[in-house]
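Everything on this sheet refers to the single structure shown next.
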Amino acid sequence: MYQLLTDSAVDLPYQVLADNHVDFVSMQVDINGEDFKDDLEHHFDLKHFYQQIDKGIMPSTTQINVGQFVAFFKPYVEAKMPILYLGFSSGLSGTYNSALQAKKMLLNDYPDAQIYLVDSLAACCGEGLMLLDAIDKRDAGTPIDELANWLTTNALRYRQWFTVDDLNYLYHGGRVSRTSATVGSLLHIKPVMDVDTVGHLRVVKKARSRRRSLETLAANTLATLANHENPRIIIATSDAPDAAKLVRDQLMASVPNAQILLEHIGPTITSHTGLGCVAVFSLGVTKRN
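Be aware that the sequence shown starts at 156, since it is given in the numbering used here, and climbs by one per residue.
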């Protein structure tokens with residue numbers, strides 16, 4: 156028996172985690188100088204958050220610190236419950252490094268504690284899809300050490316393709332240069348991006364229209380899909396439901412038995428992508444490179 160843990164960058168519904176006995180630690184979002192917990196819409200009003208961004212609010216986020224992780228892990232450690240934490244990409248946040256430091260501190264006081272940490276090398280529902288697979292394997296009886304090893308070994312098979320509607324948010328988040336954001340906006344370029352082997356964002360294509368960028372998300376997903384019979388695919392958006400449905404329809408045309416989940420991109424990720432982001436997550440047949 157062991158406990159699965161994650162963080163709110165996972166962007167799955169609160170109730171999914173609650174129903175599957177997964178605990179999570181919240182990222183912090185600053186909106187006009189006021190701090191809020193990203194709690195997977197348990198109390199956080201995501202619709203209102205989207206409305207604020209639409210009015211021009213530029214939020215910021217704070218990584219989870221070492222003290223928060225010590226407080227998060229410690230009750231399980233004291234109860235001698237083995238824990239497996241699946242964390243937000245170390246290439247996008249210092250959060251995972253904070254978890255590593257917290258583990259080291261706890262092992263000084265509890266040397267027999269079983270603390271497994273897995274860097275998802277993923278963001279948003281890429282991390283979420285990994286968690287769903289971890290839940291399935293846990294429920295099938297996979298031991299904690301084997302599960303941690305499987306997740307680490309297969310992390311780079313999780314594919315995540317996404318496009319944004321406004322490059323200025325990626326610029327403010329330090330993900331693209333001012334020049335790229337300005338030129339891209341002027342030319343109506345819609346970049347298609349993924350996450351590389353160390354968890355950083357990278358541009359893989361520059362589409363000249365919104366529709367072409369969405370079509371590329373579907374095409375790239377299908378080209379790398381490990382399971383063409385009944386795959387589990389997540390499409391997540393920051394307030395772009397029509398775009399999500401367009402991508403879903405294109406995927407369903409090729410894999411009609413796919414289990415496609417439509418999810419919201421939460422405040423942590425939306426703070427860096429802005430509104431209109433569309434992302435598709437799946438398990439690939441090979442590792443990304």
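From the three backbone atoms N, C-alpha and C, an ideal C-beta is built for every residue, glycine too. This one's a predicted model, so the numbers in the text were calculated from it and none came from an experiment.
| said: Along the chain, where does the beta strand (DSSP E) containing K229 start, and where does it finish? | reply: Here residue 229 refers to the residue found at position 74 of the sequence shown. Unbroken run through K229 is the alpha helix (DSSP H), 221-233; no beta strand (DSSP E).
| said: Buried or exposed, going by whether 16 or more other CB atoms sit within 10 Å of the CB of N444? | reply: Looking up residue 444 in the sequence shown gives position 289. Exposed is the call here.
| C-alpha gap between G247 and S275, whole angstroms | As a first step, residue 247 is located in the sequence shown; it is residue number 92 there, counting from the start. As a first step, residue 275 is located in the sequence shown; it is residue number 120 there, counting from the start. As written in the sequence, residue 247 is Leu, which differs from the Gly given in the question. Whole-angstrom Cα-Cα distance: 11 angstroms.
| query | Three-state secondary structure (DSSP) at A265? | reply | One-based indexing of the sequence shown puts residue 265 at position 110. The question names Ala, but residue 265 in the sequence shown is Tyr. If DSSP states are grouped into helix, strand and coil, Y265 belongs with coil.
| message | Could you compute how far the alpha carbon of T334 sits from the alpha carbon of I270? | response | For this step, residue 334 is matched to residue 179 along the sequence shown. For this step, residue 270 is matched to residue 115 along the sequence shown. Caution is warranted here: a pLDDT of 48 is assigned to T334, below 50, making its placement in the model unreliable, and no coordinate value can be reported.
| query | When you compare only the Cα positions, how much space is there between V433 and Y265? | reply | Here residue 433 refers to the residue found at position 278 of the sequence shown. Here residue 265 refers to the residue found at position 110 of the sequence shown. C-alpha separation (whole angstroms): 43 angstroms.
| said: Using the three-state DSSP reduction, which class does H203 fall into: helix, strand or coil? | reply: For the purposes of this step, residue 203 is taken as the residue at position 48 of the sequence shown. Helix, per DSSP.
| message | Taking the alpha carbon of N385 as the reference point, which residue from P214, H198, L377 has its own alpha carbon closest? | response | One-based indexing of the sequence shown puts residue 385 at position 230. Residue L377 is the option with its Cα nearest to N385.
| query | Going straight from the alpha carbon of V471 to that of I389, what length do you get? | reply | The structure shown has nothing for residue 471, since the chain only spans 156 to 444.
| message | So the candidates are V180, I424, V359, I299; which of them puts its Cα closest to the Cα of W316? | response | Walking along the sequence shown from the start, residue 316 turns up at place 161. It is V359.
| task | Count the other CB atoms, across all protein chains shown, that sit within 10 Å of the CB of V273; report buried if there are 16 or more and exposed otherwise. | result | The residue labelled residue 273 in the question sits at position 118 within the sequence shown. So V273 ends up on the buried side.
| query | Cβ atoms of Q206 and T250: under 7 angstroms apart, would you say? | reply | Position 95 of the sequence shown, counted from the start, is the residue given in the question as residue 250. Position 51 of the sequence shown, counted from the start, is the residue given in the question as residue 206. Cβ distance not < 7 angstroms, so T250 and Q206 don't count as in contact.
| field | Chain-order list of residues whose beta-carbon lies under 7 angstroms from that of K259 (same chain, five-residue window excluded) | value | Start at 1 with the first residue of the sequence shown, and residue 259 comes out as number 104. Excluding residues within five positions, none has a Cβ falling inside 7 angstroms.
| What do you get for M156, buried or exposed, if any count of 16 or more other CB atoms within 10 angstroms of its CB means buried? | The residue labelled residue 156 in the question sits at position 1 within the sequence shown. Counting Cβ neighbours within 10 Å, M156 comes out exposed, since fewer than 16 surround it.
| query | Around the Cβ of P230, are there at least 16 other Cβ atoms within 10 angstroms (buried) or fewer (exposed)? | reply | Position 75 of the sequence shown, counting from 1, holds the residue named residue 230. Exposed, because fewer than 16 other Cβ atoms sit within 10 Å of the Cβ of P230.
| request: Output the boundary residues of the beta strand (DSSP E) element that contains K361. | output: Numbered from 1 along the sequence shown, position 206 holds the residue referred to as residue 361. Element bounds for K361: 356-362.
| said: According to DSSP, simplified to helix, strand and coil, what is D162? | reply: Position 7 of the sequence shown, counted from the first residue, corresponds to residue 162. Residue state, collapsed to three classes: strand.
| Which one of N412, R363, T352, L286 has the shortest CA to CA distance from N175? | Looking up residue 175 in the sequence shown gives position 20. Taking only the C-alpha atoms, the option nearest N175 is L286.
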